[in-house]
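Protein chains in written order, with this note's numbering: chain X, 321 to 631; chain H, 84 to 180; chain R, 407 to 512.
Glycine included, each C-beta is placed from N, C-alpha and C at the ideal position.
Notes follow once the structure below has been shown.
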Amino acid sequence: MTLALDILLALGLLWLGWQVVSGRALFRSIVMLIVLGLLMAVVWSRLGAPDLALAEAAVGAAVTGAMLLLAYRRIIELRPERAHQSLLRRSRLAAPLALLCGALVMGLGFELLKLSSPADSAGAAALAAMQQSELSNPVTGVLLLFRGYDTLLEMGVLLAAWLGVKMVQPAERQELPVSRTPLPTYLTDALLAVVIPGVVLVAGYLLHAGGSAPGGAFQAGAVLAGAGVLLALTGRLRPTPEPSQLQRIALALGVVTFAAIASVGPLFGKPVMWLPEGWALYVIEGAMTISIALCLLLLFISAGGVQRREP
Amino acid sequence: MSWQDWASGVLLLLGCGFYLAGTLGMLRFPDALSRLHALTKTDNLGLMLVCAALAVRAESLRIATLLGVVWLLGITASTVSAHLIARYARRSKEAEP
Amino acid sequence: MNHSGFVYLAASSALFGMGVYGVLVSAHPLRKLLSLNLLAAAVFLMLISVGRRGADAPDPVPQAMVLTGIVVAVSATGFALSLLLALYRATGGADLDLDEGVVDDS
Chain X
321 MTLALDILLA LGLLWLGWQV VSGRALFRSI VMLIVLGLLM AVVWSRLGAP
371 DLALAEAAVG AAVTGAMLLL AYRRIIELRP ERAHQSLLRR SRLAAPLALL
421 CGALVMGLGF ELLKLSSPAD SAGAAALAAM QQSELSNPVT GVLLLFRGYD
471 TLLEMGVLLA AWLGVKMVQP AERQELPVSR TPLPTYLTDA LLAVVIPGVV
521 LVAGYLLHAG GSAPGGAFQA GAVLAGAGVL LALTGRLRPT PEPSQLQRIA
571 LALGVVTFAA IASVGPLFGK PVMWLPEGWA LYVIEGAMTI SIALCLLLLF
621 ISAGGVQRRE P
Chain H
84 MSWQDWASGV LLLLGCGFYL AGTLGMLRFP DALSRLHALT KTDNLGLMLV
134 CAALAVRAES LRIATLLGVV WLLGITASTV SAHLIARYAR RSKEAEP
Chain R
407 MNHSGFVYLA ASSALFGMGV YGVLVSAHPL RKLLSLNLLA AAVFLMLISV
457 GRRGADAPDP VPQAMVLTGI VVAVSATGFA LSLLLALYRA TGGADLDLDE
507 GVVDDS
């Protein structure tokens with residue numbers, strides 16, 4: 321029964337993947353990729369990874385999907401006559417090469433599956449060490465305590481992406497196409513009034529729960545960024561070329577806080593990336609949440625900063 | 084099987100029927116407004132029935148209430164998005180008949 | 407459990423092949439980007455389904471790596487989209503290889 325469900329999910333993934341790469345219309349491909357992201361979230365929870373399911377649904381499907389759709393709309397506005405241009409080119413090598421790559425990956429994967437898993441794998445060591453730690457969610461624990469460099473550098477990657485976006489943004493900015501023709505409607509006001517506080521609550525919950533249950537800074541940050549995306553799409557926020565002082569602080573907050581707390585280790589005779597338990601972890605996670613949310617929002621509207629639109 | 088299992092099974096089947104009908108309607112109906120008609124009504128009912136089925140089986144009252152909140156959020160979002168899509172469809176139809 | 411690992415591994419390799427195919431045959435850079443996202447999803451799926459073998463509790467290390475990967479993928483996508491739009495604005499087209507003559511810019 322469960323195997324049948326797995327096979328059904330896998331077939332769904334394959335069908336959607338094929339639709340993404342083979343469809344004629346770009347818009348359809350984008351929608352299919354979003355649906356694929358949502359289905360991946362289901363697959364993650366099937367595979368016992370609820371943290372990934374949350375992150376995939378919020379970041380992989382929602383934020384990426386919104387970015388892609390907005391970029392599609394901008395491209396159409398810049399060159400409307402290109403909207404229906406042919407999307408595929410003929411290539412004799414593509415299919416054999418793709419088959420070869422797929423077969424290679426499958427062969428490698430099956431060899432990997434055959435390997436017996438060693439008793440003292442990194443995951444087992446992390447789970448064992450987690451017994452003494454306050455964090456009972458192993459994924460958050462691994463992200464902060466055992467792979468801290470990864471997490472710190474990931475914040476760096478987000479910042480670098482924002483810097484890149486800021487550098488290539490247009491000199492004279494057009495408004496977001498969506499908000500250029502704002503559609504004042506009482507329903508969106510009502511929706512925002514309900515949803516924004518709810519989203520902030522959910523983000524706070526995810527951040528707090530991240531220590532012991534699925535959740536954490538990335539999921540919370542992505543959910544908060546979703547609220548920002550909603551505000552941008554309904555015309556409450558508008559892009560600016562430069563971030564305000566507060567936004568600069570918020571952007572750097574994650575990296576700076578993490579690096580500062582991670583470098584106190586030597587004072588206590590510990591290694592550099594050692595993190596004190598307890599409140600320090602929540603401070604780091606909270607700072608990272610703010611930075612992640614703002615970075616993702618700025619990546620979405622592809623601007624250096626953001627500003628409230630005066631009504 | 085207890086009565087909870089029976090009740091949740093029936094509710095689940097009903098909910099899946101609504102989802103099936105809504106999906107068929109969305110795929111088969113000719114224009115945006117009738118598609119929305121199929122989608123919103125059946126989705127709301129389908130989601131309600133599935134949530135109710137799970138709430139019947141829930142271990143605690145808290146989980147059952149959370150499922151209710153899930154349904155409320157879903158219904159709010161789908162109402163507003165259906166409204167916006169319908170408005171957009173109508174305007175673009177007016178712009179180029 | 408073993409069987410489902412098998413199923414998802416097969417699915418991830420097929421998705422990988424599709425992603426490679428998509429990158430090769432797409433004329434539109436946005437489409438290439440979609441295919442790259444598909445490739446990323448395939449790699450994540452493979453990491454998790456292989457990382458799950460044997461152990462009773464799911465291994466947290468691949469999960470943490472994939473979580474990092476998802477965020478890196480979204481930042482890369484955002485930056486790539488900005489670059490794509492800048493290219494569009496600068497040249498009016500978005501073909502990386504104009505000599506192919508897929509779209510003649512006039």
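The Cβ atoms of alanine 537 (chain X) and alanine 375 (chain X) do not sit closer than 8 angstroms to each other. Close CB contacts of leucine 617 (chain X) within its chain, under the 6 angstroms cut and outside five residues either way in sequence, are with Ala545 and Gly548 (chain order). At a cut-off of 8 angstroms between beta carbons, histidine 120 (chain H) makes no contact with chain X.
Cα atoms of arginine 344 (chain X) and methionine 360 (chain X): separation of roughly 23 angstroms, rounded to the nearest angstrom. Contact annotation for threonine 560 (chain X) against chain R: no contact, minimum CB-CB distance about 15 angstroms [criterion: below 9 angstroms]. Flagged as an interface residue toward chain H: threonine 508 (chain X), by a C-beta distance shorter than 8 angstroms. Taking a Cβ-Cβ threshold of 9 angstroms, none of the residues of chain R is close to methionine 608 (chain X); the smallest such distance is about 10 angstroms.
Residue nearest to leucine 95 (chain H) within the set H:Pro113, H:Val139 and H:Arg173 is H:Val139 (criterion: CA-CA distance). A Cβ-Cβ separation of about 38 angstroms leaves proline 435 (chain R) out of contact with glycine 443 (chain X) under the 8 angstroms criterion. Using a Cβ-Cβ distance cut-off of 8 angstroms, the segment 601-609 of chain X and the segment 575-587 of chain X are in contact, since at least three pairs of beta carbons, one from each stretch, lie closer than that value. Here glycine 625 (chain X) is bridged, per DSSP, to X:Thr560. Cβ-Cβ separation between leucine 527 (chain X) and alanine 540 (chain X): approximately 4 angstroms, consistent with a contact (criterion under 8 angstroms). By the neighbour-count definition (other C-beta atoms within 10 Å, threshold 16), isoleucine 146 (chain H) is an exposed residue.
DSSP places glutamine 565 (chain X) in the uninterrupted alpha helix (DSSP H) bounded by 565-582. Taking 8 angstroms as the cut-off, the beta carbon of valine 485 (chain X) is found closer than this to the beta carbon of phenylalanine 485 (chain R). For valine 543 (chain X), the nearest beta carbon of chain H is not closer than 8 angstroms to its own beta carbon. Distance from the CA atom of leucine 455 (chain X) to the CA atom of leucine 595 (chain X), rounded to whole angstroms, is 12 angstroms.
Cβ neighbours of arginine 558 (chain X) within its own chain (closer than 6 angstroms, five residues either side excluded): Gln627 and Arg629. Contact residues of the segment 511-538 of chain X toward chain H are Leu511, Val514, Val515 and Gly518 (C-beta to C-beta distance below 9 angstroms).
By the rule that beta-carbons nearer than 8 angstroms mark a contact, valine 163 (chain H) touches chain X. With contacts defined as CB atoms closer than 8 angstroms, valine 379 (chain X) and isoleucine 476 (chain R) qualify as a contacting pair. For leucine 490 (chain R), the C-beta contacts it makes with chain X under 8 angstroms involve Ala391 and Ile395, in order along the chain.
For glycine 157 (chain H), the CB contacts under 7 angstroms within the same chain, skipping 5 residues up- and downstream, are Leu130 in chain order. Secondary structure of valine 520 (chain X) (DSSP, three-state): helix. Judged by DSSP in its simplified three-state form, glutamine 469 (chain R) adopts helix.
Counting C-beta pairs closer than 8 angstroms gives fewer than three between the segment 555-573 of chain X and the segment 87-107 of chain H, which falls short of the contact rule. Taking 8 angstroms as the upper bound for CB-CB distance, alanine 496 (chain R) and asparagine 443 (chain R) are not in contact here, some 24 angstroms apart. Taking CB atoms only, threonine 497 (chain R) has no neighbour in chain X less than 8 angstroms away. Boundaries of the alpha helix (DSSP H) around glutamate 397 (chain X): 384-398.
Nearest to alanine 533 (chain X) by C-alpha distance, out of X:Glu474, X:Leu512, X:Ser436 and X:Gly461, is X:Gly461. Your pair valine 459 (chain X) and leucine 473 (chain R) checks out as a contact, with CB atoms roughly 7 angstroms apart and the cut at 8 angstroms. Rounded to the nearest whole angstrom, the C-alpha separation of glycine 585 (chain X) and glutamate 597 (chain X) is 12 angstroms. By the neighbour-count criterion, in which a residue is buried when 16 or more other Cβ atoms sit within 10 angstroms of its Cβ, leucine 465 (chain X) is buried.
Here DSSP, grouped into helix, strand and coil, assigns valine 425 (chain X) to helix. Interface residue (Cβ-Cβ distance to chain R less than 8 angstroms): arginine 399 (chain X) is classified as such. Using beta-carbon distances, glycine 385 (chain X) does not count as an interface residue toward chain R, since no partner is under 8 angstroms.
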